[in-house]
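See below for the structure under consideration.
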Amino acid sequence: MGTNSPRIGLVLGAGAARGWAHIGVLKALAKQGIRPDIVCGCSIGALVAASYVTDHMSSLEKLARSLTTSRVIRYFDISLRGGGLIEGRRIVEFFAENVEETEIENASPIFGAVATDLASGRETWLTSGSIIDAVRASIAVPGFLTPVLIRGRWHIDGALVNPLPVSLCRALGADIIIGVSLNGNLMARSTVVPIAATGSTVSDEPQLVEGGTASWMRWFRYGRNADAEATGPAPVDVKRPGYLEVVSQTLFLVQDFVSRVRLAADPVDVLIAPDVTHLGWLEFHRAAEAIEAGEAAVGASLPDIRSFVDRMDTSRLNDPE
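Now the structure itself:
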C-alpha cells in the first residue's frame, strides 16, 4: 500500500481468560500481511495489545500455552487490604516478562488503553506514560484487583465504561477499525452464556492448588453445593453459584450491554467474534483453544477486512488529501 493507504486500527476487547483469543487474531492477521497501525485495548485486550506493540507476542503465547490451573493461582497474591482481593505484585511481574516497559508515546504501532476513574466514573484514555501502569490500571477488576494510582487519581477496569474502545482508536487516527469482541457477535442478539445448571458438586472440581488452600479456593470459585443449602424446591442438578461465578457473569453481562450501547453510536467497520463465550473468567489455562478460536474468527472475517481495505485505498487514490 502507498503513502495514502488507510490507517488500520485494531481494537481488542475485554473478557478475562477469553482474551487469549486476541493472540490468535493477531497471528492470523499477520499471516495475511495485515499489520495494524494503531492497537487499542481494554483489560485483557490492553495486555495483549501492549505485548504486541513491544514485540513480546511470542513469549506471551508461549507462557499462555504453558499455564495450568495451579500456575494461574500462583499469580494471585491474596490481600484484604488496598481495595481488592489481589494485590497485583505478581501480575506486574508477569507483565515485566511479557510487556517491555516503555513510554506509550514510543510504542510502535500506536498504542492506547482505557481505564475507569474510580472517583468520577469517567473513562480515562491512557495514551502516554508507563505502558505497564496503563495495562495494570485497565485490568483492575473492581473488588478483585487493587486500583492503580495514575496522575494522582485511582483507576479501575476500563470494561466498566468502554469494553471495546472504538472511540479511542478512532481518536488516535484510525481510518478502518477492526473490533475483536470476546462476548460474541455484538451486532446480533446476546450470546453471553448463562451460568449453567449442572449436576457437579464442589468435590467434582479439579484441585486448584496444593494443601489446605484448595478447598477454600474451590468454595471461593464455585460456592457451596445447592443440595445442602437450598431454601426451597429446586431441581437436584442446580447448584448455588460461587463468588467468582457471580462476579464474572456480572462483568460479562455489563461488558455485553455497554459494548452494544457504545457500538450503536460508534460502530466498527469489521467485527471479529471468536467462539470463546464458553470459556470461564479465570480459565487462563485454556489458552490453546482460545488462540485457535481467534485464528478461525479472522479466517471467517477476512473477506470483509479485505473489502474495507481495498475500498478505502481506492477512495484515497481518487480523492487524495
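Note that this note's numbering has the sequence shown beginning at 434, numbered continuously upward.
C-beta atoms are modelled at their ideal positions from N, C-alpha and C, and glycine is treated no differently.
Mind checking who residue i pairs with in its DSSP beta bridge?
i, result
"Trp587", "Leu582"
"Glu536", "Ser563"
"Val742", "None; Val742 has no bridge partner."
"Glu556", "Thr549"
"Val472", "Leu443 and Phe544"
In the DSSP assignment, the alpha helix (DSSP H) including residue i goes from what residue to what residue?
i, result
"Gly478", "Ile477 to Val486"
"Gly612", "Here Gly612 belongs to no alpha helix (DSSP H); instead the beta strand (DSSP E) covers Ile609 to Val613."
"Leu704", "Where Leu704 is concerned, there is no enclosing alpha helix (DSSP H), although the beta strand (DSSP E) it sits in stretches over Val703 to Ile705."
"Thr710", "Counting along the chain, Thr710 falls outside any alpha helix (DSSP H), and DSSP gives it neither H nor E."
"Ala463", "Ala454 to Lys464"
"Ile506", "Thr502 to Arg507"
"Val599", "Val599 to Ala604"
"Leu493", "Met490 to Ser499"
Taking the CB atoms as reference points, tell me whether residue i and residue j lie closer together than 7 Å.
i, j, result
"Ile738", "Trp453", "no"
"Ile609", "Phe741", "yes"
"Leu500", "His718", "yes"
"Val581", "Ala592", "no"
"Ile589", "Asp566", "no"
"Ile679", "Leu462", "The sequence shown places Val at residue 679, rather than the Ile named in the question. Not a contact, by the Cβ cut-off of 7 Å."
"Leu493", "Asn539", "no"
"Ser681", "Leu597", "no"
"Val568", "Leu459", "no"
"Asp729", "Val709", "It is Ala, not Asp, that sits at residue 729 in the sequence shown. No, the pair does not count as a contact, with Cβ atoms beyond the cut-off."
"Asp550", "Arg507", "no"
Need the endpoints of the beta strand (DSSP E) that residue i sits in, please.
i, result
"Leu443", "Ile441 to Leu445"
Rounded to whole angstroms, what's the CA-CA distance from residue i to residue j? Just pull it up for me.
i, j, result
"Ala449", "Trp714", "5 Å"
"Arg612", "Thr683", "For the sequence presented, residue 612 should be read as Gly rather than Arg. Approximately 22 Å between the Cα atoms of the pair."
"Ala447", "Ser476", "5 Å"
"Gly554", "Val594", "8 Å"
"Leu704", "Asn618", "8 Å"
"Val687", "Ala733", "27 Å"
"Ala497", "Asn616", "20 Å"
"Ile572", "Ala607", "24 Å"
"Glu722", "Val444", "21 Å"
"Lys495", "Ala483", "16 Å"
"Ala697", "Glu533", "35 Å"
"Pro707", "Ser614", "7 Å"
"Phe685", "Arg673", "19 Å"
"Ala629", "Gly675", "Residue confidence for Ala629 is low, a pLDDT of 45 falling below 50, so the modelled location carries little weight; the figure read from the coordinates is stated next. Answer to the nearest angstrom: the Cα atoms are 12 Å apart."
"Val599", "Asp689", "14 Å"
"Gly457", "Val671", "35 Å"
"Leu578", "Pro542", "28 Å"
"Thr535", "Ser563", "6 Å"
"Arg695", "Leu601", "12 Å"
"Val574", "Leu605", "25 Å"
"Glu638", "Tyr485", "Any reading at Glu638 must be qualified, since the residue scores a pLDDT of 36, below 50, and its modelled position is unreliable; no value is offered."
"Val505", "Arg744", "44 Å"
"Ala720", "Gly478", "14 Å"
"Pro736", "Glu526", "40 Å"
"Ile758", "Lys464", "Since the first residue shown for the chain is 434 and the last is 754, residue 758 is missing from the structure and cannot be characterised."
"Glu716", "Ser503", "11 Å"
"Ile467", "His455", "15 Å"
"Gly576", "Ala529", "24 Å"
"Ser603", "Ala552", "Sequence check: residue 603 is Arg here, not Ser. Rounded to whole angstroms, Arg603 to Ala552 spans 26 Å at the Cα level."
Just to check, is the beta-carbon of residue i closer than 6 Å to a non-hydrogen atom of the ligand GDP?
i, result
"Glu728", "Of the ligands one can find in the structure shown there are none, so the ligand GDP has no counterpart to examine."
- Query: Between the segment 465-480 and the segment 437-451, are three or more C-beta pairs nearer than 8 Å?
  - Reply: yes
- Item | Touching by the beta-carbon criterion (3+ pairs, under 8 Å), the segment 532-546 and the segment 557-569 | yes
- Query: Okay, do the segment 482-496 and the segment 688-705 touch, 3+ Cβ pairs below 8 Å being the bar?
  - Reply: no
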